[in-house]
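Mapping of the sequence shown onto the working numbering: position 149 corresponds to residue 164, and the numbering continues sequentially without gaps.
Note that CB positions come from ideal geometry on N, CA and C, so glycine has one too.
Just so we're clear, the structure is a prediction, and the values are computed from it rather than from any experiment.
Data block below; observations after.
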Amino acid sequence: MGIWIDTDMGVDDLFAVLLALRHATVDGISLTFGNAPLPQVAANAAGAMAVFGWSTPISMGAERAVLGGLETAQRILGDSGMPTRGLSLPPVNAQFPPAVPALARWLKGQDDAQILALGPLTNLATLALAHPDLLDRIGRITWMGGAVGAGNHTASAEFNAYADPEALAILLARDVPITMVDLDICRQVQISEDDVTAATDPLLRDLLGGYLDIALSRGRPSMALYDPVAAAALLRPDLFDAAPVHLAVELCGQHTRGRTVTDRRGAEGQLAHILPGCDAKAVHALCMSVFTP
Ligand code: RIB
Ligand code: CA
Numbered sequence: 016m017g018i019w020i021d022t023d024m025g026v027d028d029l030f031a032v033l034l035a036l037r038h039a040t041v042d043g044i045s046l047t048f049g050n051a052p053l054p055q056v057a058a059n060a061a062g063a064m065a066v067f068g069w070s071t072p073i074s075m076g077a078e079r080a081v082l083g084g085l086e087t088a089q090r091i092l093g094d095s096g097m098p099t100r101g102l103s104l105p106p107v108n109a110q111f112p113p114a115v116p117a118l119a120r121w122l123k124g125q126d127d128a129q130i131l132a133l134g135p136l137t138n139l140a141t142l143a144l145a146h147p148d149l150l151d152r153i154g155r156i157t158w159m160g161g162a163v164g165a166g167n168h169t170a171s172a173e174f175n176a177y178a179d180p181e182a183l184a185i186l187l188a189r190d191v192p193i194t195m196v197d198l199d200i201c202r203q204v205q206i207s208e209d210d211v212t213a214a215t216d217p218l219l220r221d222l223l224g225g226y227l228d229i230a231l232s233r234g235r236p237s238m239a240l241y242d243p244v245a246a247a248a249l250l251r252p253d254l255f256d257a258a259p260v261h262l263a264v265e266l267c268g269q270h271t272r273g274r275t276v277t278d279r280r281g282a283e284g285q286l287a288h289i290l291p292g293c294d295a296k297a298v299h300a301l302c303m304s305v306f307t308p
């Protein structure tokens with residue numbers, strides 16, 4: 016069972032990748048637009064690789080959604096996607112090979128591939144269209160995305176779903192098993208100033224503080240950990256309750272485009288799952304193991 020991470024390398028993606036690398040062997044990391052345009056995402060990944068000594072091969076994927084759009088989360092995370100209270104990743108010139116061929120080569124050697132998806136699903140949808148013969152090698156995609164309840168990028172839609180809803184629709188249409196680690200379950204795991212204070216690495220402390228400041232600047236005392244919760248769900252599924260659902264995504268609504276629609280009625284046997292509950296204290300402790308090794 017190999018693990019691959021597809022990420023739009025913003026600040027919470029970095030925390031999630033560090034968590035996964037700390038507790039598992041990761042065979043590859045592919046990059047997509049999302050939190051920031053792809054060149055910035057690649058620079059973030061190259062900087063993290065340099066600072067943390069990553070040996071996992073990194074590849075570069077989609078610059079735009081399957082229909083050509085480019086929606087980013089820079090209005091929330093800033094131009095770099097890496098808000099900080101001081102220290103930042105070093106600027107490193109990023110040169111990475113293409114992602115879809117790398118993913119395809121990896122999948123050819125897998126039979127129960129586990130993919131942790133932390134951004135828009137464009138790379139994985141592109142793979143599905145280019146290499147449909149490889150899809151049965153995917154055991155499951157664990158995806159931070161979607162919203163059973165309210166959205167975050169719009170009132171209806173979570174950012175990763177909103178940035179490329181067609182990509183999700185393509186994967187669902189091809190019966191790729193997806194566990195949707197949605198906003199609601201992620202919101203059960205929050206970080207506060209005490210967690211920032213407890214962080215031992217100065218760079219990670221400043222990045223965690225910059226991430227928390229997103230909430231503090233809006234009058235909230237704590238910030239939901241998004242991508243690290245998805246990583247925790249892959250690493251420790253025993254800490255989560257899972258439920259099969261009928262899962263669809265809205266593509267056409269004027270106000271609801273990108274909304275994920277779930278229905279648990281008569282969903283036994285469905286390949287799509289959500290995580291209605293978790294041991295939030297244990298998940299928080301697992302996520303914090305990145306900051307307090
Ligand atoms: O909605 C939260 C998600 O959007 C996270 O994955 C964050 O990194 C951004 O990609
Ligand atoms: Ca992300």
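Is it the case that the CB of residue i approaches a heavy atom of ligand 2 more closely than 6 angstroms?
i	result
Gly273	no
Leu104	no
Cβ of residue i versus every heavy atom of ligand 1: is any distance shorter than 6 angstroms?
i	result
Asp179	no
Ala57	no
Ala287	no
Leu138	Before going further, note that residue 138 is Asn rather than Leu in the sequence given. Not so, every heavy atom of ligand 1 lies at least 6 angstroms from the Cβ.
Ala172	no
Ala88	yes
Asn108	no
Report the rounded CA-to-CA distance for residue i versus residue j, giving the unit in angstroms.
i	j	result
His270	Ala295	32 angstroms
Glu283	Pro54	42 angstroms
Glu86	Tyr177	8 angstroms
Phe111	Pro72	9 angstroms
Pro106	Met97	12 angstroms
Ala57	Glu78	11 angstroms
Asp197	Gly93	22 angstroms
Asp21	Ile156	10 angstroms
Gly224	Phe306	12 angstroms
Gln285	Leu118	25 angstroms
Ile130	Glu208	31 angstroms
Leaving aside the five residues before and after residue i along the sequence, list all residues of the same chain whose C-beta is less than 7 angstroms from its C-beta, in chain order.
i	result
Asp179	Ala80, Val81, Pro135, Leu136 and Thr137
Taking buried to mean at least 16 other C-beta atoms within 10 Å of its own C-beta, is residue i buried or exposed?
i	result
Ser70	exposed
Asp23	buried
Thr212	exposed
Gly166	buried
Ser95	buried
Ser15	Outside the displayed range of the chain (16 to 308) lies residue 15, so it cannot be described from this structure.
Just to confirm my understanding: we take residue i, look at its own chain, exclude 5 residues before and 5 after, and list those with CB closer than 6 angstroms. What are they?
i	result
Ala60	Met24, Leu46 and Ile73
Thr141	Val115
Leu33	Val305
Asp28	Thr22, Leu133 and Asp242
Is residue i close to ligand 4? I mean its beta-carbon at under 6 angstroms from any heavy atom of the ligand.
i	result
Arg251	Ligand 4 is absent from the structure shown, which contains only ligand 1 and ligand 2.
(request) Output the residues surrounding ligand 2, defined as those with a CB atom closer than 7 angstroms to any ligand heavy atom, in chain order. (result) Thr22, Asp23, Gly25, Asp27, Asp28, Gly49, Asn50, Leu133, Gly134, Met159, Asn175, Tyr241 and Asp242
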